[in-house]
Amino acid sequence: MKHLVEVPFPPAASQVVTYLDGLSQGRLLVQRCGACGEAQMPPRPRCAACGSEAVEWFEAAGRGRIFASGTFHKAYGPQYRNWVPYMVAIVELEEGPRLVTNIIGAAPEEIRVGLAVRAEIGVGDDGTPLVRFRPVSEDPAPSEPPFGGG
Amino acid sequence: MTITSAGLRGAAAVVGVGTTTFGVMPGYSADDLGGWALQEALGDAGLTVKDIDGLIVNRVSGYEAFAASYGIEPRWVAELPPHGRMAGISIQMAVMAVQTGMCETVALVYGNNGKSAGATYGGGDAGDGYGSAAPALTQPYGMTSPGAFYAMMFDRYQHQFGATSNELATVPITFRRHAALNPGAVMRDPITLDDYRASRFIVEPLHVYDYCLINDGGVALIVTSTERARDLASIPVPILGFGQQGQLLASEHPPRDYWHGAIDAVGRRSYAMAGVRRDDVDGLMVYDNFSPNVLFALEGLGFSPVGEAFRWIQDGRIALGGELPVNTSGGHLSESYMQGWGLNVEAVRQLRHQCGDRQIVDASIIQYVCSAPVVTSIIYGREVR
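Line by line, the protein sequences give chains F and V. The numbering used here applies: residue 26 is where the first sequence begins, and numbers increase by one. The numbering used here applies: residue 270 is where the second sequence begins, and numbers increase by one.
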C-alpha cells in the first residue's frame, strides 16, 4: 500500500500506515470495532476485545487525560542525545484508546496523572507525523479549533 | 490418556544447576558462557553430555551451533526468543517434554554476553519487547525501553495508591542486603535510603538502583523425571506446579491493572497443580527487571492487598528472616540480570539448603514468578505431595 508520507522505519503494517497518513492530513484517526463497539489503539487488523475483523476508523475529538508519564534522563540512541531530559506520556483519549506521546506547553511540575490535555498534530524533526498533547483548562467552552496547526 | 495438570505435579525435578561467574567478561561468547554453565550443571548432577537427550536454549548463538559444539544430540530441542519471560516458559516446556516421554533428561542453557557486547535493552537490541510492534508509534516520541514502561506504571501507581519512591527503595535496599550474603553477586555494597534518593534517575521516577544490572554470564539447569532423579547423586528439587498467562492484547501500554488479573490466574494455576496454598510458600523469587515489578507480583499473587505492597514490604517483611524472603540471591537488581534463569537456580539451591548465610530456614516450597506481557510462575518443592 503506497502511503502519503515516508517515515524512517521498517515497512509498517497497513493499519499503521493509515494512521500516519491521517496524522499527515491533520486527523487523529483511531479504530473502533464495528462488531462490539470497543475503540482501540494501536491500530490492529482485528479487534482486541472480540476478535472481529470489522475494525473501522473514526476521527477522535483529541481530548484526553494523562494516564502516566516518565522522564528520560538517559538517551537510548544517538537521536535522543539532544532531548535528554525529556518526558514521554501515555494519554487516554476520551473515546478510550491510549497513545504514546509527548506533552507540550507544560512545566514538569504541572504534569500529573489525570491532567486534561488536547491533541496537537505536527511533524517531527525527521518528517514523521506526530500527535502531541497540550494541557487545557477544564473550561468546557474551548475558544480554539480542536487541532493546532502543523 | 490425557495428561492433566495434576498429572504434571512433581513429574520432573531439577537435578543439576550451574552458574558462571557474573560480571564483565569480554573474552567469552554467549556460547562459551552457556557451555560453562552447562558444564557446572552436569557436574552438579553427576551426568555427562551423553546423558542429555533434550535441549532448550536461550540467548546462545543458536540451538544447532550449541548442540554441535557441546556434544548434544537431542530427541527434543527448542530455542526460545531472548525475552526474560522465556525462562519460566522454557522450564515449563522441559517438564512437559519429560512428562510426555519425548525425552528423559533436558539441559536448559542460557548464555548472555550482552554486557560486553554493549546491549542496553532499550535501543532495539535483544530483550523484552513491550509495545514495540509499531516503532513509528513509539520511537518518534522517544519511548524506547522496558524500563520506561515500568517507570510509567510506577508513576500511575504512586498517583493511584499514594506510594512514593521512599517505600519502593526498600526493594533494592533489601535485595542488596541479600546480595552481600551471596559470593556470586556482582553488587554487594549496602545501599542506604540516602544513597537511593541521591542516585541518578534513569527514567524518572525510577532511579538507577531500580534497574536490573546488565552483566555477562551463563546459567544452566538439568531437568529429568522424578524417577530418574532418584538414581542421581544430587538432591533433586521437584517442580511441583506451574502456570502461564498471556497479556498480549493488553500490553501495548502500561496495563490499568498492573497485570494483577493475569498474575492472580497464574498463581492459582500454579498452586493448584502443585497441591499447595499461597501460605505454604517459604520464599519468593520475583523477576525484578525493575523494582516496581516486585510490588505488582506481590499484589497479583495475593501476598499483599492490591495497592498496598509498597507498605507491606516494609519492616523487613521481604528480607531474610522476614515473613516472605524475596530474591535471596540479590536478584536482578544486585546479583545479576540473567533474565530469570538465576532466580530459578536460587530457588533450587534454597530447597537443597545450600545457600549458607542466605539460607531460608527449613525452606520447603519456593515460588518463582515473572510478571510481563506473558506471566509465568513455577512452584518448586523438596518432595512430591
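Built from N, CA and C at the ideal position, the CB exists for glycine as well.
Quick one: list the residues of chain V neighbouring residue i, beta-carbon separation under 7 Å, in chain order.
| i | result |
| --- | --- |
| F:I115 | M421, H522 and P523 |
| F:A37 | A403 and A405 |
For residue i, which beta-bridge partners are listed by DSSP?
| i | result |
| --- | --- |
| V:S646 | V:G512 and V:V638 |
| F:I115 | F:A93 and F:V125 |
| V:D485 | V:G292 |
| V:S494 | V:A281 |
| V:F572 | V:F572 pairs with nothing; no bridge assigned. |
| V:P507 | V:A282 |
| V:G323 | V:W345 and V:V375 |
| V:Y480 | V:F559 |
Mapping DSSP to helix, strand and coil, what is residue i?
| i | result |
| --- | --- |
| F:Q56 | strand |
| V:Y339 | helix |
| V:V472 | strand |
| V:F565 | helix |
| V:A395 | With a pLDDT of only 40 at V:A395, under 50, the local geometry of the prediction cannot be trusted, and no value is derived from it. |
| V:T597 | coil |
| F:R143 | strand |
| F:A37 | coil |
| F:P167 | The pLDDT assigned to F:P167 is 49, lower than 50, so where the model puts this residue is not dependable; a value taken from the coordinates is nonetheless given after this. The answer is coil: DSSP assigns F:P167 none of H, G, I, E or B. |
| V:Q408 | helix |
| V:P441 | helix |
| F:F83 | strand |
| V:N613 | helix |
| V:N451 | coil |
| V:R580 | helix |
| V:R586 | coil |
| F:P160 | strand |
| V:G287 | strand |
| F:G152 | coil |
| V:Y297 | coil |
| F:G62 | coil |
| V:R328 | coil |
| V:G387 | coil |
| V:G416 | helix |
| V:G625 | helix |
| F:G51 | coil |
| F:R88 | strand |
| V:Y527 | coil |
| F:G174 | Here F:G174 scores only 38 on pLDDT, less than 50, and its place in the model should not be relied on; the value that follows carries that caveat. F:G174: coil per DSSP, three-state reduction. |
| V:V630 | coil |
| F:P103 | helix |
| F:A74 | coil |
| V:L316 | coil |
What does residue i reach in chain V if we use C-beta pairs closer than 8 Å?
| i | result |
| --- | --- |
| F:V125 | G400, L406, T407, Y410, M412 and H522 |
| F:R137 | H428 |
| F:V41 | A403, A405 and L406 |
| F:G51 | Chain V residues near F:G51: none, gap ~17 Å exceeds 8 Å. |
If you compare alpha carbons, which of the options is closest to residue i?
| i | options | result |
| --- | --- | --- |
| V:A578 | V:R627, V:G303, V:P295 and V:L564 | V:L564 |
| V:D500 | V:G600, V:A306, V:F511 and V:D320 | V:D320 |
| V:T461 | V:F335, V:R537, V:V329 and V:T443 | V:T443 |
| V:I483 | V:W581, V:H601 and V:A337 | V:H601 |
| V:V575 | V:H529, V:Q608, V:G591 and V:G304 | V:H529 |
| F:F83 | F:L48, F:Y101, F:P154 and F:V142 | F:L48 |
| V:Y379 | V:L349, V:Y419 and V:A417 | V:L349 |
| V:E309 | V:L377, V:A356 and V:I325 | V:L377 |
| F:V55 | V:G609, V:L406, V:V477 and V:H622 | V:L406 |
| F:E120 | F:A132, F:Q65, F:S39 and F:A74 | F:Q65 |
| F:G89 | F:A60, F:G76 and F:G139 | F:G139 |
| F:M112 | F:I128, F:R106 and F:L118 | F:I128 |
| V:Y480 | V:A489, V:P415 and V:M542 | V:P415 |
| V:V286 | V:R651, V:V617, V:R497 and V:G292 | V:V617 |
| F:I146 | F:R157, F:T153, F:I136 and F:R137 | F:R157 |
Going along chain F, which residues have a C-beta under 9 Å from residue i?
| i | result |
| --- | --- |
| V:I629 | Those do not exist, as V:I629 stays about 35 Å from chain F at its closest Cβ, beyond 9 Å. |
| V:I587 | Neighbours of V:I587 on chain F: none; closest Cβ ~25 Å, over 9 Å. |
For a contact defined as C-beta to C-beta under 7 Å, what are the partners of residue i on chain F?
| i | result |
| --- | --- |
| V:L518 | A73 |
| V:E473 | G95, T96 and H98 |
| V:A417 | G95, F97 and V113 |
| V:R469 | H98 |
Comparing the C-beta of residue i with each C-beta of chain C, is any distance below 9 Å?
| i | result |
| --- | --- |
| F:A141 | Here chain C cannot be found, since the structure's protein chains are F and V. |
What residues from chain V crowd round residue i, counting only those whose CB sits closer than 9 Å?
| i | result |
| --- | --- |
| F:L45 | A405 and L406 |
| F:W82 | The contacting residues do not exist; F:W82 stays about 15 Å from chain V at best. |
| F:L155 | P409 and Y410 |
| F:G62 | Correct list: empty, because the minimum Cβ distance to chain V is about 16 Å. |
| F:G149 | P409 and Y410 |
Interface residues of chain F around residue i at Cβ under 8 Å?
| i | result |
| --- | --- |
| V:R425 | F92, A93 and V138 |
(Q) Please give me, in chain order, every unbroken run of the beta strand (DSSP E) with length at least 3 that falls completely inside the stretch 530 to 558 of chain V. (A) 552 to 555
Q: Starting from the N-terminal side, write out each stretch of the beta strand (DSSP E) that is 3 residues or longer and does not extend beyond the stretch 335 to 380 of chain V.
A: 345 to 349
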